[in-house]
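Each remark here refers to the structure printed beneath this line.
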Amino acid sequence: MLLVWMKQAVHDNINPFLGISFNEKEELLIVWKFCSRGTLQDIIYNENITLDQKFHGAFIRDILAGLEYLHASSIGCHGALSTWSCLIDRNWMIKLTDYGIADPLERWEKQQAINVEAVKDTDDKTQATQATSALYEAPELLKNREKNRQRRMDQDWMKQSQFRRQLGDIYGFGIIMYEIIFRALPFPDNTDITALVESIKDGSKVVKPQIQSNKVLNMDLTNLIADCWNGTPEMRPSLRRIKLNIDTYLKV
0 MLLVWMKQAV HDNINPFLGI SFNEKEELLI VWKFCSRGTL QDIIYNENIT
50 LDQKFHGAFI RDILAGLEYL HASSIGCHGA LSTWSCLIDR NWMIKLTDYG
100 IADPLERWEK QQAINVEAVK DTDDKTQATQ ATSALYEAPE LLKNREKNRQ
150 RRMDQDWMKQ SQFRRQLGDI YGFGIIMYEI IFRALPFPDN TDITALVESI
200 KDGSKVVKPQ IQSNKVLNMD LTNLIADCWN GTPEMRPSLR RIKLNIDTYL
250 KV
């Protein structure tokens, strides 16, 4: 049913899911509508593009609107939110992509229906690539990943899990909001991103993103971003609260 719900998703800030197929090499292809300006990550880290407060506000509002739609839909959550799952069309509007697909891919891999190849990281450590997706995933979801896999036959737990994934989306959104405004990840400039990701994945290190001291921002907006990273998921702000605050702090 999930793939049907994804196919039926229609919203200005949701990128249409076109389907799944295999190519001649028997590689699984997940097909989405093409967006000509690429990913939000491409824009954020392109020094030739100027992003003023109007762009900040517009991008953040677009992502919020897409998340609101997903959280209210049968899909329930995004599940893999990052700057590379935010596409930008020719009108500079953000379209969320890769929504809903994280759980099926994980399940198919566990069932050995597919083999997942690791994405090679680039030499540029200032950018978050697909290999660094763990940076956007809430720590409680990473920590309990294997236990959660074993619980997925429990329908009551699955209903609660959807709410947890929504709170996980809020965490990832906080990272993205910081990136949009500061064009950097919320970690010290000298951080080895590859090593950081590996330590997060294997559970050897708990790393909390932080507003860097050299970044100047409205204190209320700073607190809002930090609240999205709250270690207690239930204490993270709702999408409604975020929207109200953004409308106040980033007026277009």
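Heads up, the sequence shown is in numbering that gives the first Met the number 0, so the first residue is 0 and it goes up one at a time. Think of the CB as a built atom: it goes at the ideal place given N, C-alpha and C, for glycine as much as any other residue.
Beta-bridge pairing by DSSP links SER20 to LEU28. Taking ILE210 as the centre and dropping the five residues before and after it, the same chain places the C-beta of TYR177, PRO185, LEU216, THR221, ILE224 and ALA225 closer than 8 Å to its C-beta, in chain order.
ARG60 has its alpha-carbon roughly 14 Å from the corresponding atom of ASP51. By the criterion of at least three beta-carbon pairs nearer than 8 Å, the region 43-58 is not in contact with the region 95-114. Looking only at ASP246, PRO15 and TRP228, the smallest Cα-Cα distance to LEU140 is reached by TRP228. In the DSSP assignment, CYS85 is bridged to LEU95.
Between the alpha carbons of PHE172 and GLU67 lies a distance of about 12 Å. For THR247, the enclosing alpha helix (DSSP H) covers residues 238-248. Between ALA137 and GLY167, the C-beta gap is smaller than 7 Å, which places the two residues in contact. Counting C-beta pairs with one atom in each stretch, the region 36-44 and the region 70-77 have fewer than three that are closer than 8 Å, which means they do not touch.
Take the alpha-carbon of ILE180 and the one of LEU104: they are about 31 Å apart.
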